[in-house]
Amino acid sequence: MIGRTGELLAGVDVPRSGEELEPSSRLSNVSHVAYSHQSRKKPLMSVRSTRMGSIGYARVSTLEQNADLQQAALTAAGCDRIFTDHGVSGTSASRPELDKLLDHLQSGDEVVVWKLDRLGRNTRNLLALIDDLEYRGVHFRSITEGISTTGPMGRAMLTVMSAFAQLKRDQLAERTRAGMAAAAEHGRKVGRREITIDHAKVRRARDLKAQGLAPADIGKIIGASRATVYRYLNLGGSEDVPQ
Numbered sequence: 006m007i008g009r010t011g012e013l014l015a016g017v018d019v020p021r022s023g024e025e026l027e028p029s030s031r032l033s034n035v036s037h038v039a040y041s042h043q044s045r046k047k048p049l050m051s052v053r054s055t056r057m058g059s060i061g062y063a064r065v066s067t068l069e070q071n072a073d074l075q076q077a078a079l080t081a082a083g084c085d086r087i088f089t090d091h092g093v094s095g096t097s098a099s100r101p102e103l104d105k106l107l108d109h110l111q112s113g114d115e116v117v118v119w120k121l122d123r124l125g126r127n128t129r130n131l132l133a134l135i136d137d138l139e140y141r142g143v144h145f146r147s148i149t150e151g152i153s154t155t156g157p158m159g160r161a162m163l164t165v166m167s168a169f170a171q172l173k174r175d176q177l178a179e180r181t182r183a184g185m186a187a188a189a190e191h192g193r194k195v196g197r198r199e200i201t202i203d204h205a206k207v208r209r210a211r212d213l214k215a216q217g218l219a220p221a222d223i224g225k226i227i228g229a230s231r232a233t234v235y236r237y238l239n240l241g242g243s244e245d246v247p248q
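First residue of the sequence shown: 6, per my numbering; consecutive thereafter.
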């Protein structure tokens, strides 16, 4: 307290013995010192660094679809900014606007989606994304399902979803192993059916090659990629085909 008082009085004209300042002069000096003290305060921190931001993400699978419904719901949910992928399937590994959103996030932010399936390609991918957000200190909320990682119920729901996703993977692996074992018992080979030199497309490819067509043109005619055409032409140890 003494230090603060001394700082305030440092610029005030103190009267010498037997001298008295005019009231107006005293008020002016003290007001000047108080203003100078206030002006030396540190500037306020930016709003972005002290406040949680709600960032929305919307996605439509085709260019013909409209994202207005999702964007309206996200705006009503309080999103400050919305990233939208247009014409991007949920199974696509790369979604440009989602990548931008993930780069934009800071600790304390919240990612909001209209429905869970707008964010993840599948349950496993969705849970991996949410785990990454939680690790970075970012919360997640889905409007339709009412799930939020800021509360215990939301985290419990995600735990249940994770358990069901693992169960689904285990069941799929078990069915695959059972199918392979049953096929082996009946003498059937598992996997892609082997293409032999007697296959209709192989014979057609060889006939077209004999007519002088290039592999790329052969592929267009028989509906196969250039690499597949080369495999067809090289079946049976035939000579190299021309480029």
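Glycine residues also receive a C-beta, built at the ideal position from the N, C-alpha and C atoms.
Query raised in the report: Can you tell me where the beta strand (DSSP E) with VAL117 in it begins and where it stops?
Result: Along the sequence shown, read from residue 1 onward, the residue named residue 117 stands at position 112. From DSSP, the beta strand (DSSP E) with VAL117 extends over 115 to 118.
Query raised in the report: Tell me which same chain residues have a C-beta within less than 8 angstroms of the C-beta of ARG68, skipping the five on either side of it?
Result: As a working note, residue 68 is residue 63 in the sequence shown. First, the residue type needs correcting, since residue 68 is Leu and not Arg in the sequence shown. Answer for LEU68: HIS91, GLY92, listed in chain order.
Report task. Report the partner residues of SER59 according to the DSSP bridge assignment. Result -> Looking up residue 59 in the sequence shown gives position 54. Partner(s): GLU115.
Requested in this report: Starting from the C-beta of ILE227, find all residues in its chain whose C-beta is less than 7 angstroms away, skip the five residues before and the five after it, and write them out in chain order.
Outcome: Along the sequence shown, read from residue 1 onward, the residue named residue 227 stands at position 222. Result list for ILE227: LYS206, ARG209, ALA210, in chain order.
Requested in this report: With a threshold of 16 other CB atoms inside 10 Å of the CB of ALA63, please say whether the residue is buried or exposed.
Outcome: Here the question's residue 63 lines up with position 58 in the sequence shown. Buried, because 16 or more other Cβ atoms sit within 10 Å of the Cβ of ALA63.
**Report entry** Distance, VAL65 Cα to LYS173 Cα
**Finding:** Position 168 of the sequence shown, counted from the first residue, corresponds to residue 173. Position 60 of the sequence shown, counted from the first residue, corresponds to residue 65. Approximately 26 angstroms between the Cα atoms of the pair.
**Report entry** Whole-Å CB distance - VAL117 paired with LEU79, under 8 angstroms assumed
**Finding:** Position 112 of the sequence shown, counting from 1, holds the residue named residue 117. Position 74 of the sequence shown, counting from 1, holds the residue named residue 79. That pair is a contact at about 6 angstroms.
Query raised in the report: In chain order, what residues of the same chain have a beta carbon less than 7 angstroms from the beta carbon of GLY159, not counting five sequence neighbours either side?
Result: Looking up residue 159 in the sequence shown gives position 154. Sequence-distant partners of GLY159 (beyond 5 residues in either direction) whose C-beta falls short of 7 angstroms from its own C-beta, in its chain, are ILE152, SER153.
Query raised in the report: Under the DSSP definition of a beta bridge, which residues are partnered with THR89?
Result: As a working mapping, residue 89 is identified with position 84 in the sequence shown. According to DSSP, which records beta bridges pairwise, THR89 is partnered with ALA63.
Requested in this report: Could you spell out where the beta strand (DSSP E) holding ARG146 opens and where it closes?
Outcome: If you number the sequence shown from 1, residue 146 lands on position 141. Segment 144 to 147, the beta strand (DSSP E) holding ARG146.
Query raised in the report: Counting Cβ pairs, one atom from each stretch, are 3 or more of them under 8 angstroms apart for the segment 128 to 138 and the segment 81 to 88?
Result: no
Query raised in the report: For HIS144, which residues from the same chain have a beta carbon less than 6 angstroms from its beta carbon, with the 5 sequence-adjacent residues on both sides left out?
Result: Residue 144 sits at position 139 when you count from the first residue of the sequence shown. Hits under 6 angstroms: GLU115, THR154, THR155.
**Report entry** GLY184 beta carbon less than 8 angstroms from that of GLY142
**Finding:** In the sequence shown, the residue the question calls residue 142 occupies position 137. In the sequence shown, the residue the question calls residue 184 occupies position 179. No, the Cβ-Cβ distance between GLY142 and GLY184 is not below 8 angstroms.
Query raised in the report: So what does DSSP say about ILE250, is it helix, strand or coil?
Result: Residue 250 lies beyond the residue range present for the chain, which begins at 6 and ends at 248; the question has no answer from this structure.
Report task. Please work out which residues of its chain come closer than 8 angstroms, Cβ to Cβ, to SER94, disregarding the five sequence neighbours upstream and downstream, and give them in chain order. Result -> In the sequence shown, the residue the question calls residue 94 occupies position 89. Counting only Cβ-Cβ distances below 8 angstroms, and skipping sequence neighbours, we find SER66.
Query raised in the report: Mind checking GLN75: buried by the 16 CB within 10 Å criterion, or exposed?
Result: The residue you call residue 75 lines up with position 70 of the sequence shown. By the 16-neighbour rule on beta-carbons within 10 angstroms, GLN75 is buried.
**Report entry** ILE152, DSSP secondary structure in three states
**Finding:** The count along the sequence shown starts at 1 and reaches residue 152 at position 147. In this structure, ILE152 counts as strand in the three-state DSSP scheme.
Requested in this report: Measure the C-alpha to C-alpha separation of ASP73 and ARG180 and round it to an integer number of angstroms.
Outcome: Taking the first residue of the sequence shown as 1, we reach residue 73 at position 68. Taking the first residue of the sequence shown as 1, we reach residue 180 at position 175. Between ASP73 and ARG180, the alpha-carbon positions lie close to 42 angstroms from each other.
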